[in-house]
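Input: a single structure, listed below in structure tokens.
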Amino acid sequence: MPQDSTSSRPPRQPSSLACQALFQPQLDARQTLDISGLPENALAWPELENAVTPEVAYDPLIQLYYQTFHRSHPLLIPRKALHSPLSEKIPQYILSIMRFIGAHQHHDPSLKELFRRSAYSVLFDSTPRDGFKVQGMVLLAIVDHARGAEDSATSIMQAAVNLALELGMNKAAFAAEHSGGNSILEESWRRTYWELYFVDGYLAAMRDQSAFQLFHSPADVRLPGDEELYNSGDAVILSNLTFKDLTNKWHFDDERRFPSFAYRIWAVRLLGMVMELNRSLDIDLDSQIETIDAALVASLMQLPSSQRGVYGSHSGLDEMTFQAQMTNHSPSASLDLHSQKLLRAADLLCNLATLPNPIKYRTPFFTCALAMCVVVHTVACLFVSVPEKQESIKARIQLGVGALHVLGKSWPLAKTVRQRLIAMYQELGLRCQ
């Protein structure tokens, strides 16, 4: 693997060197849409904002959105709140985006094409430039990435960041001023900014570019609150915690706890610090590497693994904590490719695939994490001579490829990555089906 000639500088990340081609799939060509089997009222959903009613919460595809996607990217109002007068504030294109995302989990593939155009209407110049447009663009950036349309995902994400900063969504006043006194909507606006922050950072890390725009943008918007309470649909007790509080969290008493979303924010912040360090032109980076490495370890120790909020009512790992672990364990966050730390990170990352909750409901970003994990294990397998250790590593490779198979049933990127990994294994003389 090629490295910088300066020995003290951390090597380039494997995301751009070993696996760049994995994340550039070609989507299947569009086919003629056959709607003969759909209910006769399937095309009759209202197109006007004032036609949205609380009954939309019972829409089958919107139910799928909440069941399979919302907990991984919880920026929109919860489903129970959608079944209330608050639904009247939601633009029609947001509902279309929710249906479009839900359709990816539906057994009828034609539904995705049915809602594609109305979902992408958020990008029209005629769409009001407000917070809802930011929400829609963030969701579409995630979906485009998961569908393998990286250029589109990047373009949409940049537009979303620019609009959010133009609107002042990074300022504490925005959420209150645009909520009409509704605590759920105010919390949703806070979550929108921090979701934007997370997605901006994670996509930048996967592209291995200096595209984490919000990394250097000041923000005093308050942190999101508890996941379970938010999704209950009841009035939200808004948090007074700030990002500054999060950065100084180890100075507080041990009883002071942060919501799991906050640890997810901090994890991508650390990932941003790694990206900054990798692009540094400084000659001596040893002390900075040690500082960030210590911060990564401390972040993992600070994760609220024993708190009630981490495990939901279904004994599944809270999605925000899951993604915080996923981000911290990601090999792209490693600062030392010549030690056992990278393999250890890949082991821990692979273990996340064994946790409760169906893999198909995990964030589409898990695709990249799994692929990086599998590549690291593949390289290790080629150099390990002890048979028992080699079999253990192969088992982890099979676990990662199996998890990609599950994700690939919903998201084209995961399917393509899995196929390319298997082809690579066959060329190397390995078998992993």
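Quick note: the sequence shown uses the numbering used here, first residue 1, plus one each step. For glycine and all other residues, C-beta sits at the position ideal for the given N, C-alpha and C. No experiment lies behind these values; they were computed from the predicted model shown.
P412 versus A146, M206, A160, S385, residue with shortest Cα-Cα distance: A146
Residue burial classification, R129 (beta-carbon count within 10 angstroms, cutoff 16): exposed
Cβ-Cβ separation, I97 to G148 (assumed contact under 8 angstroms), whole Å: About 18 angstroms separates the two Cβ atoms, so there is no contact after all.
L317 - DSSP class collapsed to helix/strand/coil: strand
CB contact flag (S217, L165, <8 angstroms): yes
Distance, T192 Cα to I359 Cα: 24 angstroms
Nonlocal neighbours in the same chain, by C-beta distance under 6 angstroms from L370, ignoring five residues either side: G400, A403, L404
For P109 and Y65, the rounded distance between their alpha carbons: 15 angstroms
Exposed unless 16 or more other CB atoms sit within 10 angstroms - verdict on Q323: buried
Proximity of I265 and L277 at Cβ, strictly below 8 angstroms: no
Coarse secondary structure for D28, derived from DSSP in three states: With a pLDDT of only 40 at D28, under 50, the local geometry of the prediction cannot be trusted, and the value read off the model is given with reservation. If DSSP states are grouped into helix, strand and coil, D28 belongs with coil.
Neighbour-count burial assignment, D144, 16 or more Cβ in a 10 Å radius: buried
CA nearest to the CA of L123, picked from F212, A141, L114: A141
As assigned by DSSP and simplified to three states, the class of A149: coil
Ranges of the alpha helix (DSSP H) found wholly within the stretch 250–299, counting only runs of at least 4: 260–278
Backbone secondary structure at F174 - three-state DSSP: helix
L95 versus T378 - alpha carbon distance: 42 angstroms
Rounded C-alpha distance that separates T416 from T363: 17 angstroms
Proximity winner among D286, E319, L317, H329, relative to V438 (alpha-carbon distances): The requested residue 438 is not part of the displayed model; the chain covers only 1 to 433.
Reduced DSSP secondary structure (H/G/I, E/B, other) of G180: coil
7 angstroms Cβ shell around A204 - same chain, five flanking residues per side excluded: A211, F212, M275
Euclidean distance between Cα positions of F261 and C381: 35 angstroms
Residues of its chain near A159, where Cβ-Cβ distance is below 7 angstroms and the 5 sequence neighbours each way are ignored: M137
Cβ-based neighbour list, Q105, same chain, cut-off 7 angstroms, excluding 5 preceding and 5 following: L64, T68, S410
Euclidean distance between Cα positions of D151 and V376: 26 angstroms
Rounded distance between the beta-carbons of M157 and D125, thought under 8 angstroms: Wrong, their Cβ atoms sit about 18 angstroms apart, outside the cutoff.
Where the alpha helix (DSSP H) containing E88 begins and where it ends: No alpha helix (DSSP H) contains E88, which DSSP labels as neither H nor E.
Separation of I77 from G102, as counted between CA atoms: 16 angstroms
Proximity test, Cβ basis, 8 angstroms: H107 and chain D: This model lacks chain D altogether, as it is built from one protein chain only.
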